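Data first, discussion second: the structure below is written as structure tokens.
There are 2 protein chains.
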Amino acid sequence: MEKVDLAAEAATLDEFWSQRVVAGANGNLFKVAKGIGSTTWHTHADQEETFLVLAGQLTIQLRTGDVDLGPGDLFVVPRGVEHCPLAREEARFLLVGPDVTSTAAGGKPAWSAAAGRPPEA
Amino acid sequence: MEKVDLAAEAATLDEFWSQRVVAGANGNLFKVAKGIGSTTWHTHADQEETFLVLAGQLTIQLRTGDVDLGPGDLFVVPRGVEHCPLAREEARFLLVGPDVTSTAAGGKPAWSAAAGRPPEA
């Protein structure tokens with residue numbers, strides 16, 4: 247039973263779009279991540295994905311339009327809804343859901359491995 | 247699919263230690279609440295209770311000691327662990343769990359009904 251300083255945890259992440267589990271409760275994981283650029287478009291057919299921005303600005307691109315999130319904003323992507331998170335500058339956020347979804351199928355871009363940076367636009 | 251500004255939601259709460267559901271995902275509810283003084287000592291035998299402080303300072307009193315939380319700190323009270331949240335000044339926080347637990351059995355003090363204030367110490 248230890249508290250978690252979410253900002254401090256997120257500050258030590260090496261890799262973009264890679265989730266670190268910091269706690270678990272009631273079948274869900276609490277995960278910190280940082281983003282820059284965007285993931286690929288993807289869908290989680292079996293679970294909702296909840297975003298809570300800690301620092302920076304994160305845009306959840308949906309096929310129906312963008313949802314712009316700042317610090318303290320929470321957004322639930324319903325299961326089955328295609329989405330593509332975008333951070334024009336580095337953003338740090340909390341994710342809540344039953345699984346770690348930062349996989350290729352979960353939208354993690356190839357460039358983000360080994361602490362990579364997004365390709366120049 | 248609407249985003250939730252957690253600070254704005256918490257700012258409009260009337261009653262202390264009364265949870266407002268702002269979102270749901272994967273069998274869990276996201277709830278905002280505000281506290282001052284303390285709840286009563288209580289236990290949730292069937293679920294973990296996750297606290298994430300949005301503003302102010304919240305102390306989770308446990309029989310084994312206090313856990314002091316500030317903004318951005320997350321803490322999971324395991325199921326079956328007796329606890330008594332305490333806010334020496336007003337605190338606002340997010341709760342995550344499967345049920346609304348701001349009931350008498352869940353520690354809500356009698357004075358908090360109808361936007362009441364805690365009795366003088």
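Sequences listed follow chains A and B, in order. Quick note on numbering: the first sequence equals residues 247 to 367 in our numbering. Quick note on numbering: the second sequence equals residues 247 to 367 in our numbering. Even for Gly, the Cβ is constructed at its ideal location relative to N, Cα and C. This structure is a prediction, so every number in the text was calculated from the model and none was measured.
Exposed or buried, what is B:Val-267 when buried is set at 16 or more other beta-carbons lying within 10 Å of its beta-carbon? Sequence index remark: in the second sequence, residue 267 of chain B carries index 21 (1-based). By the 10 Å Cβ count, B:Val-267 comes out exposed.
From the beta carbon of B:Gln-307, is the nearest beta carbon of chain A less than 9 angstroms away? Counting from 1 along the second sequence, the entry for residue 307 of chain B is found at position 61. No, because no Cβ of chain A sits closer than 9 angstroms to the Cβ of B:Gln-307.
Status (buried if at least 16 other CB within 10 Å, exposed otherwise) for A:Arg-363: Indexing the first sequence from 1 puts residue 363 of chain A at position 117. It is exposed - the Cβ of A:Arg-363 has fewer than 16 other Cβ atoms within 10 Å.
Quick check on the DSSP output: the beta strand (DSSP E) that includes B:Ala-257 runs from which residue to which? What you label residue 257 of chain B is simply residue 11 of the second sequence in a count that begins at 1. According to the DSSP assignment, B:Ala-257 belongs to no beta strand (DSSP E) but to the alpha helix (DSSP H) extending over 252–257.
Option nearest A:Phe-262 by Cα separation, candidates A:Ser-284, A:Phe-321 and A:Leu-315: Residue numbering aside, residue 262 of chain A sits at position 16 when the first sequence is read from its first letter. Comparing Cα positions, the closest option is A:Ser-284.
Alpha carbon to alpha carbon, how far is B:Gly-343 from A:Trp-357? On the second sequence, position 97 is the one that residue 343 of chain B refers to. On the first sequence, position 111 is the one that residue 357 of chain A refers to. Using only the alpha carbons, I get a separation of about 35 angstroms.
With a cut-off of 8 angstroms on the beta carbons, I'd call B:Ala-301 and B:Arg-334 a contact; round off their distance for me. As a working note, residue 301 of chain B is residue 55 in the second sequence. As a working note, residue 334 of chain B is residue 88 in the second sequence. Actually they are not in contact, since the Cβ atoms of B:Ala-301 and B:Arg-334 sit about 14 angstroms apart, beyond 8 angstroms.
Does any CB atom of chain B fall closer than 9 angstroms to the CB of A:Lys-354? Your numbering for residue 354 of chain A matches position 108 in the first sequence. Answer no: the Cβ-Cβ gap between A:Lys-354 and chain B never drops below 9 angstroms.
What is the C-beta distance between A:Val-313 and A:Phe-321, in whole angstroms, given that I count them as a contact (C-beta under 8 angstroms)? For the purposes of this step, residue 313 of chain A is taken as residue 67 along the first sequence, with counting starting at 1. For the purposes of this step, residue 321 of chain A is taken as residue 75 along the first sequence, with counting starting at 1. A Cβ-Cβ distance of about 6 angstroms is found for the pair A:Val-313 and A:Phe-321, placing them in contact under the 8 angstroms criterion.
For B:Asp-345, write down the residues that DSSP places opposite it in a beta bridge. For the purposes of this step, residue 345 of chain B is identified with residue 99 of the second sequence, where counting begins at 1. According to DSSP, which records beta bridges pairwise, B:Asp-345 is partnered with nothing at all.
Secondary structure of A:Ser-284, DSSP reduced to three states: Within the first sequence, residue 284 of chain A is the residue found at index 38, counting from 1. Note: A:Ser-284 maps to strand in three-state DSSP.
Whose Cβ in chain A lies nearer than 7 angstroms to the Cβ of B:Pro-344? The sequence position of residue 344 of chain B within the second sequence is 98, counting from 1. Asn-272, listed in chain order.
Separation of B:Lys-277 from B:Thr-289, as counted between CA atoms: Taking the second sequence and counting its residues from 1, the one referred to as residue 289 of chain B is at position 43. Taking the second sequence and counting its residues from 1, the one referred to as residue 277 of chain B is at position 31. The alpha-carbon atoms of B:Thr-289 and B:Lys-277 are separated by roughly 18 angstroms.
On a CA-only basis, which of B:Thr-347, B:Gln-307, B:Leu-308 and B:Val-299 is nearest A:Gly-318? Give me that one, please. Translated into the one-based positions of the first sequence, residue 318 of chain A becomes position 72. Ranking B:Thr-347, B:Gln-307, B:Leu-308 and B:Val-299 by Cα distance to A:Gly-318 puts B:Val-299 first.
Could you tell me the boundaries of the beta strand (DSSP E) in which A:Phe-297 lies? Start at 1 with the first residue of the first sequence, and residue 297 of chain A comes out as number 51. Residues 295–301.
If you draw a straight line from the C-alpha of B:Val-346 to the C-alpha of B:Asn-274, how long is it? Your numbering for residue 346 of chain B matches position 100 in the second sequence. Your numbering for residue 274 of chain B matches position 28 in the second sequence. Rounded to whole angstroms, the separation of the alpha carbons of B:Asn-274 and B:Val-346 is 10 angstroms.
Contact with chain B by A:Pro-324, beta-carbon distance below 9 angstroms: Within the first sequence, residue 324 of chain A is the residue found at index 78, counting from 1. Interface annotation, A:Pro-324: in contact with chain B, CB-CB separation under 9 angstroms.
Where does A:Ala-361 fall in DSSP's three states? In the first sequence, residue 361 of chain A corresponds to position 115, counting from 1. Taken through DSSP and simplified to helix, strand or coil, A:Ala-361 comes out as helix.
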